[in-house]
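Everything below concerns the one structure shown next.
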Amino acid sequence: MISRCHLLIRQSSVVIKSLAPRVSKFQNLQPAVRRRKRFILIPSSLKDEWTKEMREATMRNGLLLDQQVKTSEKLRESMTSLINSNNSVVRAQKDMMLQQETANQRVNMLIDTVRNLVDAIKRQSINITPPIQNKDPNFVYQATLSEQVKESEECQIYRSVAEIYRDPVTYKSAMNSKESQNWQAAVNEELKSMEENNVWSLVERPPRENIIDSRWVFKRKVSPTTETIYRARLVVRGFKDTNDYEIRETYAPVSRMTVIRSVFAIINKYNLEAIQLDVKTAFLNGILENDIYMEIPEGVNIDEESKEKYVCRLNKALYGLKVSPKRWNEKFSEVALKLGLQNDTNEPCLYTWRFQGKLVILVLYVDDIILASNCQLKLTEIRDKLCKEFKMKDLGEPKMYLGMEIQRDRSGRKIVLKQSEYIEKILEKFKMTECKPQETPMITRQAKKIESKNPEKQKEMITPFHGPFREAIGSLLYLAGVTRPDIAYAVNLLSRRQIAPTTSDWTEVKRIFRYLRGSINEGLVYRANGDEMKVYTDSSFGDCEESKSTSGYIIKLFDDTVAWRSKKQTLVTRSTCGAEYYAMSEACQEIISLDKALRDMIGRTLYPVTIQCDNRSAKSCTEMEGSNKLKCFDLPFSEIQSVLDKRERTGVKVPMTEIHGDFIKQCVKDNRVKINWVASKENLADIMTKPLPLPIHKYLREKIANMSF
Numbered sequence: 008m009i010s011r012c013h014l015l016i017r018q019s020s021v022v023i024k025s026l027a028p029r030v031s032k033f034q035n036l037q038p039a040v041r042r043r044k045r046f047i048l049i050p051s052s053l054k055d056e057w058t059k060e061m062r063e064a065t066m067r068n069g070l071l072l073d074q075q076v077k078t079s080e081k082l083r084e085s086m087t088s089l090i091n092s093n094n095s096v097v098r099a100q101k102d103m104m105l106q107q108e109t110a111n112q113r114v115n116m117l118i119d120t121v122r123n124l125v126d127a128i129k130r131q132s133i134n135i136t137p138p139i140q141n142k143d144p145n146f147v148y149q150a151t152l153s154e155q156v157k158e159s160e161e162c163q164i165y166r167s168v169a170e171i172y173r174d175p176v177t178y179k180s181a182m183n184s185k186e187s188q189n190w191q192a193a194v195n196e197e198l199k200s201m202e203e204n205n206v207w208s209l210v211e212r213p214p215r216e217n218i219i220d221s222r223w224v225f226k227r228k229v230s231p232t233t234e235t236i237y238r239a240r241l242v243v244r245g246f247k248d249t250n251d252y253e254i255r256e257t258y259a260p261v262s263r264m265t266v267i268r269s270v271f272a273i274i275n276k277y278n279l280e281a282i283q284l285d286v287k288t289a290f291l292n293g294i295l296e297n298d299i300y301m302e303i304p305e306g307v308n309i310d311e312e313s314k315e316k317y318v319c320r321l322n323k324a325l326y327g328l329k330v331s332p333k334r335w336n337e338k339f340s341e342v343a344l345k346l347g348l349q350n351d352t353n354e355p356c357l358y359t360w361r362f363q364g365k366l367v368i369l370v371l372y373v374d375d376i377i378l379a380s381n382c383q384l385k386l387t388e389i390r391d392k393l394c395k396e397f398k399m400k401d402l403g404e405p406k407m408y409l410g411m412e413i414q415r416d417r418s419g420r421k422i423v424l425k426q427s428e429y430i431e432k433i434l435e436k437f438k439m440t441e442c443k444p445q446e447t448p449m450i451t452r453q454a455k456k457i458e459s460k461n462p463e464k465q466k467e468m469i470t471p472f473h474g475p476f477r478e479a480i481g482s483l484l485y486l487a488g489v490t491r492p493d494i495a496y497a498v499n500l501l502s503r504r505q506i507a508p509t510t511s512d513w514t515e516v517k518r519i520f521r522y523l524r525g526s527i528n529e530g531l532v533y534r535a536n537g538d539e540m541k542v543y544t545d546s547s548f549g550d551c552e553e554s555k556s557t558s559g560y561i562i563k564l565f566d567d568t569v570a571w572r573s574k575k576q577t578l579v580t581r582s583t584c585g586a587e588y589y590a591m592s593e594a595c596q597e598i599i600s601l602d603k604a605l606r607d608m609i610g611r612t613l614y615p616v617t618i619q620c621d622n623r624s625a626k627s628c629t630e631m632e633g634s635n636k637l638k639c640f641d642l643p644f645s646e647i648q649s650v651l652d653k654r655e656r657t658g659v660k661v662p663m664t665e666i667h668g669d670f671i672k673q674c675v676k677d678n679r680v681k682i683n684w685v686a687s688k689e690n691l692a693d694i695m696t697k698p699l700p701l702p703i704h705k706y707l708r709e710k711i712a713n714m715s716f
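Structure representation (structure tokens):
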């Protein structure tokens, strides 16, 4: 049809005085344009004509492709007039037959194309940019396939398969699914646990009381043996609880990651026996002090009349309540203290026991426990007593803890901590599994300065980004704070731009993902090659945006990295010396807190701790009574000493914005720390303050992690 129209327009006709249509009023008219699937180095559209027969045939086949063709109304009217004016009826009939045949063939071809498209993308969402008024033209709107074509048979099949393997969101959908027996068994197990723990009591519905409802949460999990485990958990809708609570009634502490890594370093150093315990239905052990009423949940065998008359008065804490975490922590602490374990206000989730050279360490993170000891009998005794008090599962030697993969070689005195599975999950979440690896998480400042002169890059730096920037930063923050200090600076820098990210910022986030793609199996290696605590501090003076410096430190325990930090300073320093001085003061706070926890665990202090600094002027300022470079730090030593004593006594980090300068000097005076100079190329904290070239970044990364990458 297209070829015939093309020739017909160029033929002379009596109707238009023997002139070819292409030199008459039809000269500037264009045929219809149909978009085609985009590939590199091919045209983006095909010439086409949308006929009534094609539309009717398409509608009969259940597909609507209006968005795929743009018709030329002028061309259609002109061609209709031209054909009607033709005196040859036979030619018109042949044209109609050829048109009908071509239309049917084209419709069949389009149907096959759409079927192949559905088979390829399997209901995945595709990006389109519709010309919507009053909308940001840079925002990529999401449209599913159902918005562009009517759901075909293949689409229905894929949707049904997806629904089969999707976790149910309600109790009714779980009971109506093909796996209802498995879900019912999980519900019965959860209700049995609540009955054993006496979680609630049925009472008559009280007048003028707030009754909270609940819901079931269903989840499939895969065991290490690739077996599918069905879990059901009853969760109360705690946001409907109208009781007023103070912060002390709802806040529940957890162990700091610094302490957890230190425990693994101690386990490796002293070759301790270690096991991992998982508390089942932990929150159900907490005892409530206030009366809280809940509607009888679904799944409980009771008639409708009784449901209207009775409600559940909660005796124990239930998942979803505001006070549940605090009640569970109080209950566990009470049991642990009865077993002879001791904890401290500084680390309330770290429990220790020492007697005649015997040592027991217990670390609690919500309901996950690491229990270590150099005495197998004492370890077994405490484990058995805990299992009697709470329903626990002994997982044996720690293999996976809080997303950390733990590999231990006791004969070689080595422990490896990494998060390969977590990295794989976030790469899959943000569609970066097939990305090209990078060797550094950020480009250097010099390269970025040159790149910023590019007009396209300048446009990216002002173009708003409306994608999942915050979600990506949140995922990377956990990774940077657990096992990957090499990305700490990059993530810290980008996390400051979450309010109004740009396309350039998202490009930098994707570079971190590419860096993780190429270093997915890297982590921390503990070898216990030392007997002391050593600290590296550094500072990058000034910032082009806010004139504030960036502090960073690395803390090594027994030559194993257990703590690190990259942070923008809260003060504007006037010199490099002042910025380095401030960074050492921040590191001292963590040193005092960590040493107090170590005294509880191993029974001895590691003072004086060596701080490695690459600024000779800052080092000298800690050894003299005064310095012109530190005139902004002014506070009497007596007040500093009182703050330091409070810090030592309670372990709580106190605000010291105005006394950072003299705080480090007082620590040196009290022989808590000693300052040594180190060359910049050997300062491990340099990786925490600025993007580095590949050779330096790779060298420092190897030193920090104690392994060759």
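Add 7 to a position in the sequence shown, counting from 1, and you land on the number used in my numbering. Ideal placement from N, C-alpha and C gives every residue a C-beta, glycine not left out.
Counted within 10 angstroms of its Cβ, other Cβ atoms place residue i as buried (16 or more) or exposed
{"i": "Gln188", "result": "exposed"}
{"i": "Ser4", "result": "With the chain represented from 8 up to 716, any question about residue 4 goes unanswered, as that position is not in the structure."}
{"i": "Gly530", "result": "buried"}
{"i": "Met411", "result": "buried"}
{"i": "Asp567", "result": "buried"}
{"i": "Thr177", "result": "exposed"}
{"i": "Ile457", "result": "exposed"}
{"i": "Val489", "result": "buried"}
{"i": "Pro391", "result": "Here residue 391 is Asp; the residue named in the question, Pro, does not match the sequence. Counting Cβ neighbours within 10 Å, Asp391 comes out exposed, since fewer than 16 surround it."}
{"i": "Thr544", "result": "buried"}
{"i": "Tyr237", "result": "buried"}
{"i": "Asn275", "result": "buried"}
{"i": "Ile218", "result": "exposed"}
{"i": "Gly559", "result": "buried"}
{"i": "Asp677", "result": "exposed"}
{"i": "Glu593", "result": "buried"}
Segment limits, beta strand (DSSP E) that includes residue i
{"i": "Thr568", "result": "567 to 575"}
{"i": "Ile562", "result": "557 to 564"}
{"i": "Phe225", "result": "221 to 229"}
{"i": "Ser208", "result": "207 to 211"}
{"i": "Arg240", "result": "235 to 243"}
{"i": "Met264", "result": "Looking at the DSSP string, Met264 is not in any beta strand (DSSP E); the run it does join, the alpha helix (DSSP H), is 264 to 276."}
{"i": "Tyr372", "result": "365 to 372"}
{"i": "Gly530", "result": "530 to 533"}
Residues bridged to residue i (per DSSP)
{"i": "Gln619", "result": "Tyr543, Asn683"}
{"i": "Ile413", "result": "Leu424"}
{"i": "Pro471", "result": "Thr509"}
{"i": "Ile282", "result": "Leu378"}
{"i": "Ile218", "result": "Tyr300"}
Integer-rounded CB distance, given that residue j should sit under 8 Å from residue i
{"i": "Glu341", "j": "Met449", "result": "Not confirmed; about 48 Å, so no contact."}
{"i": "Ala712", "j": "Val532", "result": "6 Å"}
{"i": "Ala625", "j": "Glu597", "result": "Not confirmed; about 18 Å, so no contact."}
{"i": "Leu291", "j": "Lys333", "result": "That belief does not hold up - the Cβ atoms of Leu291 and Lys333 are roughly 14 Å apart, past 8 Å."}
{"i": "Lys398", "j": "Thr288", "result": "7 Å"}
{"i": "Val373", "j": "Leu386", "result": "Going by Cβ atoms, the distance from Val373 to Leu386 rounds to 22 Å, so no, they are not a contact pair."}
{"i": "Gln445", "j": "Gly327", "result": "The Cβ separation is near 42 Å, so there is no contact."}
{"i": "Asp375", "j": "Asp512", "result": "35 Å between Cβ atoms; not a contact."}
Element boundaries [alpha helix (DSSP H), containing residue i]
{"i": "Ile376", "result": "From DSSP, Ile376 is part of no alpha helix (DSSP H) but of the beta strand (DSSP E) over 375 to 380."}
{"i": "Glu431", "result": "427 to 436"}
{"i": "Lys603", "result": "583 to 609"}
{"i": "Val489", "result": "476 to 489"}
{"i": "Gly403", "result": "No alpha helix (DSSP H) contains Gly403, which is instead part of the beta strand (DSSP E) from 399 to 403."}
{"i": "Lys697", "result": "Here Lys697 belongs to no alpha helix (DSSP H), and DSSP marks it neither H nor E."}
{"i": "Phe362", "result": "No alpha helix (DSSP H) contains Phe362, which is instead part of the beta strand (DSSP E) from 357 to 362."}
{"i": "Cys319", "result": "Looking at the DSSP string, Cys319 is not in any alpha helix (DSSP H); the run it does join, the beta strand (DSSP E), is 317 to 321."}
{"i": "Leu613", "result": "Premise fails: Leu613 is in no alpha helix (DSSP H) and is neither H nor E."}
Exercise for the section: Flag this pair as touching only if the region 501 to 519 and the region 415 to 428 have three or more C-beta atom pairs under 8 Å; answer yes or no. Expected result: no
Practice task
Determine, using beta-carbon pairs with one atom in the region 205 to 216 and one in the region 310 to 323, whether at least three such pairs fall under 8 Å.
Solution key: By the C-beta criterion, the region 205 to 216 is judged to be in contact with the region 310 to 323, since at least 3 inter-stretch pairs fall below 8 Å.
Handout entry: Touch test, the region 697 to 705 against the region 514 to 521, Cβ-Cβ under 8 Å, three pairs minimum
Key = no
Practice task
Check whether the region 292 to 301 touches the region 553 to 571, counting contact only when three or more Cβ pairs, one atom from each stretch, lie closer than 8 Å.
Solution key: Contact fails: fewer than three Cβ-Cβ distances are below 8 Å.
Exercise for the section: Could you say if the region 302 to 314 and the region 435 to 454 meet the contact criterion of at least three C-beta pairs nearer than 8 Å? Expected result: no
Handout entry: Inter-stretch contact (C-beta, 8 Å, three-pair minimum) for the region 604 to 615 and the region 586 to 596
Key = Counting Cβ pairs under 8 Å, fewer than three are found: no touch.
Handout entry: Sufficient close CB pairs (3 or more, under 8 Å) joining the region 257 to 268 to the region 342 to 350
Key = Cβ pair count under 8 Å is below three, so no.
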